[in-house]
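**Student:** Shown below is the structure under consideration.
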Amino acid sequence: MDNYNPYFMRLALKNAVKAYYKNEVPVGCVIIRNNEIIAQAYNTKNAEQCVTRHAELIAIEQASKNKGSFILDDCEMYVTLEPCLMCIGAIIQSRIKKLYIGATDETMGSVISKIPIIKDELVYPYKLDYSFKKTISSKILTRFFKKIREKNKI
Numbered sequence: 001m002d003n004y005n006p007y008f009m010r011l012a013l014k015n016a017v018k019a020y021y022k023n024e025v026p027v028g029c030v031i032i033r034n035n036e037i038i039a040q041a042y043n044t045k046n047a048e049q050c051v052t053r054h055a056e057l058i059a060i061e062q063a064s065k066n067k068g069s070f071i072l073d074d075c076e077m078y079v080t081l082e083p084c085l086m087c088i089g090a091i092i093q094s095r096i097k098k099l100y101i102g103a104t105d106e107t108m109g110s111v112i113s114k115i116p117i118i119k120d121e122l123v124y125p126y127k128l129d130y131s132f133k134k135t136i137s138s139k140i141l142t143r144f145f146k147k148i149r150e151k152n153k154i
């Protein structure tokens, strides 16, 4: 049974917009447990000058602290962009049971796009929903990278 709730994806999108206005790649993430938010984050890689400060990793860190365990097998993640290889590794290690993706990432995506490490249920029993809100997530990302390219032309 699919328990997708658009409210949580909208909240992830709000986090992505926060990242956008802080000149970070606009990715937002929300982790829920029993339909309650236990973590939410956005990219802070530039601000912290640390390559591991992706929204997914920050949210997993918060969720683990809030739950008191790094095993998040009763949790679901809503993220606005398909996770990269580093992030999907952390998602697998934390055992998050469901992952909802707002947009695919043809450059670095490691779920279904560039390096689809989760191709069959024998590798990892995963529920993926990556089509909902794709247009909105994609538009935010496109606008951000257009702004960056224009800024770098000057």
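Position 104 of the sequence shown, counted from 1, bears residue number 104 in the UniProt record's numbering, the numbering being contiguous throughout. Don't be surprised by glycine CBs; every beta carbon is placed ideally from N, CA and C. From a predicted model like this one, the values you see are computed outputs, not experimental measurements.
#1: Given Ser69, which residues of its chain have a CB within under 8 Å of its CB, disregarding the five upstream and five downstream residues?
#2: Around the C-beta of Ala47, are 16 or more other C-beta atoms found within 10 angstroms, so that it is buried, or is it exposed?
#3: Identify whether Ser131 lies in helix, strand or coil by the three-state DSSP scheme.
#4: In chain order, what residues of the same chain have a beta carbon less than 6 Å from the beta carbon of Val25, not counting five sequence neighbours either side?
#5: Have a look at Lys45 and His54 and give me their C-alpha separation to the nearest angstrom.
#6: Quick check: what's the CA-CA separation for Cys87 versus Glu56?
#7: Since Ala103 and Ser138 are thought to touch, with beta carbons under 8 Å apart, how far apart are those beta carbons, to the nearest angstrom?
#8: Classify Thr80: buried if its beta carbon has 16 or more other beta carbons within 10 angstroms, exposed otherwise.
#9: Let me make sure I understand the geometry here. Which of Asn23, Ala41, Asn35 and Asn152 has the alpha-carbon closest to that of Ala12?
#10: Candidates Gln49, Ile31 and Thr107: which alpha carbon is nearest Met77's?
#11: Across which residues does DSSP place Gly28 in a beta bridge pair?
#12: With a CB to CB cut of under 8 Å and the five nearest residues on each side skipped, what residues in its chain are close to Lys147?
#13: Assign Val27 to one of two classes, buried (16 or more other C-beta atoms within 10 Å of its C-beta) or exposed (fewer than that).
#14: Give the range of the alpha helix (DSSP H) segment to which Ser113 is assigned.
#15: Using the C-alpha atoms, what's the distance from Glu150 back to Tyr4?
#16: Beta-carbon separation of Ala16 and Ile140 under 9 Å?
**Tutor:** Put simply:
#1: none
#2: exposed
#3: Because Ser131 carries a pLDDT of 48, less than 50, the predicted location of this residue cannot be relied on, and the following value inherits that uncertainty. Coil, per DSSP.
#4: Asn43
#5: 6 Å
#6: 6 Å
#7: 5 Å
#8: buried
#9: Ala41
#10: Ile31
#11: Tyr42
#12: none
#13: buried
#14: From DSSP, Ser113 is part of no alpha helix (DSSP H); its letter is neither H nor E.
#15: 37 Å
#16: yes
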